[in-house]
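S.K.: The sequence shown begins at 8 in my numbering and counts up by one.
Even glycine gets a Cβ: it sits at the ideal position worked out from N, Cα and C.
One structure is given below, represented as structure tokens, and several questions about it will come after.
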Amino acid sequence: MLSVENLTKVYRTGDKALTDVSFTVPRGQVVGLIGPSGAGKSTLIRCVNRLVEPSAGSVRLNDLDITRLRSGDLRRARRRIGMIFQEYALVERLTVMENVLSGRLGYVPFWRSFTRRFPPADIAKAFRLLDRVGLSAHADKRADALSGGQRQRVGIARALEQDPDLLLVDEPTASLDPKTSRQIMRLIVEICRESGLPAIINIHDVVLAQQFADRIIGLQAGRVVFDGPPAGLTEEV
Ligand code: ADP
Ligand code: ADP
8 MLSVENLTKV YRTGDKALTD VSFTVPRGQV VGLIGPSGAG KSTLIRCVNR
58 LVEPSAGSVR LNDLDITRLR SGDLRRARRR IGMIFQEYAL VERLTVMENV
108 LSGRLGYVPF WRSFTRRFPP ADIAKAFRLL DRVGLSAHAD KRADALSGGQ
158 RQRVGIARAL EQDPDLLLVD EPTASLDPKT SRQIMRLIVE ICRESGLPAI
208 INIHDVVLAQ QFADRIIGLQ AGRVVFDGPP AGLTEEV
């Protein structure tokens with residue numbers, strides 16, 4: 008479970024990006040984070056994995072107070088948070104399998120054919136994940152030979168490779184066509200449900216958020232202005 012309490016962020020420039028944001032996300036729940044540009048969505052996501060230092064408040068993931076961790080422990084904690092990005096952040100010259108395994112490494116390897124350095128159990132697991140996202144036939148293709156939807160599937164498999172306790176998803180469909188966007192959203196939601204993963208999806212497209220998220224959190228000027236089921240969402244959020 009993720010628990011965010013009174014999270015506040017004031018940037019050095021004086022911009023108040025988040026004010027007293029509180030919510031908890033239980034196992035398996037997918038939260039669609041919506042709000043106009045500048046509302047604080049990216050800041051919130053970045054405070055959860057501490058790419059941005061919160062000014063006040065706390066972020067807890069299960070037993071761990073992320074806001075209190077120092078560098079070594081923070082690095083370990085970040086390995087428990089799977090990230091999925093708008094532009095996929097794949098390594099173009101590496102294969103699909105290598106990209107997925109790089110999730111386990113936590114850094115981008117520079118040597119060639121590093122797949123064979125992994126124990127068979129890791130490779131088997133990566134294959135299972137690729138199978139789950141519908142890419143097992145493409146394991147040996149280079150990332151730059153894939154379509155946008157396929158790339159995002161690799162991104163999803165890579166995020167799952169580290170057995171995360173939380174998924175943070177930043178605009179996963181912003182570079183995809185509507186049909187592929189729906190497929191990707193459906194896949195993320197199904198995976199979260201079946202594995203009990205909680206997820207926060209920063210999503211610009213309110214219709215997609217309503218269609219697929221279990222719950223919507225609406226931000227405006229750094230404050231939570233809506234928190235509830237998609238059906239309860241009103242025009243002004
Ligand atoms: P969103 O993701 O909803 O578009 P952001 O979290 O990017 O919103 O931004 C929230 C507010 O914080 C905006 O006013 C933005 O200008 C400001 N902001 C974001 N990042 C920084 C930063 N690195 N330094 C100063 N202000 C920032
Ligand atoms: P996104 O579209 O993903 O929300 P932005 O274009 O808002 O990203 O921001 C790009 C980068 O610039 C981010 O690292 C963000 O933190 C930073 N940034 C955004 N607004 C400001 C600001 N007002 N001052 C300084 N940095 C900012």
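Where A152 and L175 are concerned, what is the direct C-alpha to C-alpha distance, given to the nearest angstrom?
M.R.: The count along the sequence shown starts at 1 and reaches residue 152 at position 145. The count along the sequence shown starts at 1 and reaches residue 175 at position 168. Distance between the alpha carbons of A152 and L175: 26 angstroms.
S.K.: Within 10 Å of its beta-carbon, does R124 have 16 or more other beta-carbons around it, so buried, or fewer, so exposed?
M.R.: Looking up residue 124 in the sequence shown gives position 117. Its Cβ having fewer than 16 others within 10 Å, R124 is exposed.
S.K.: DSSP on D177, reduced to helix/strand/coil?
M.R.: If you number the sequence shown from 1, residue 177 lands on position 170. Strand.
S.K.: Determine the closest residue to I52 out of G229, I191, L215, L76, with distance taken between C-alpha atoms.
M.R.: Taking the sequence shown and counting its residues from 1, the one referred to as residue 52 is at position 45. Cα-wise, what sits closest to I52 is G229.
S.K.: Taking the continuous beta strand (DSSP E) assigned at E94, which residues delimit it?
M.R.: Against the sequence shown, residue 94 aligns to sequence position 87. Per DSSP, E94 belongs to no beta strand (DSSP E) and is neither H nor E.
S.K.: Using only Cβ atoms and a threshold of 6 angstroms, which residues come within that distance of a heavy atom of ligand 1? Order them by chain position.
M.R.: Selection output, chain order preserved: Y18, T20, D22, A24, G42, S44, G45, A46, G47, K48, S49, T50.
S.K.: What is the C-beta distance between L64 and L14, in whole angstroms, given that I count them as a contact (C-beta under 8 angstroms)?
M.R.: Counting from one through the sequence shown, the residue named residue 64 turns up at place 57. Counting from one through the sequence shown, the residue named residue 14 turns up at place 7. In the sequence under discussion, the amino acid at residue 64 is Gly, which differs from the Leu named in the question. Yes, they are in contact, since the Cβ atoms of G64 and L14 sit about 4 angstroms apart, within 8 angstroms.
S.K.: Pull the bridge partners of V103 from the DSSP assignment, please.
M.R.: Sequence index remark: in the sequence shown, residue 103 carries index 96 (1-based). Beta-bridge pairing links V103 to no other residue.
S.K.: Should L5 go down as buried or exposed, given a rule of 16 or more other Cβ atoms within 10 Å for buried?
M.R.: Since the first residue shown for the chain is 8 and the last is 244, residue 5 is missing from the structure and cannot be characterised.
S.K.: With a 10 Å radius around its C-beta and 16 neighbouring C-beta atoms as the bar for buried, classify Y18 as buried or exposed.
M.R.: On the sequence shown, residue 18 is found 11 positions in, with the first residue counted as 1. Burial call: exposed.
S.K.: Does the separation of the CB atoms of R158 and A146 fall below 8 angstroms?
M.R.: Along the sequence shown, read from residue 1 onward, the residue named residue 158 stands at position 151. Along the sequence shown, read from residue 1 onward, the residue named residue 146 stands at position 139. Their beta carbons are not under 8 angstroms apart, which means R158 does not touch A146 by this criterion.
S.K.: Quick check on S188: buried or exposed, where buried means 16 or more other Cβ atoms within 10 Å of its Cβ?
M.R.: As a first step, residue 188 is located in the sequence shown; it is residue number 181 there, counting from the start. Classification for S188: buried.
S.K.: With DSSP run on the structure shown, which of helix, strand or coil describes V214?
M.R.: One-based indexing of the sequence shown puts residue 214 at position 207. In this structure, V214 counts as helix in the three-state DSSP scheme.
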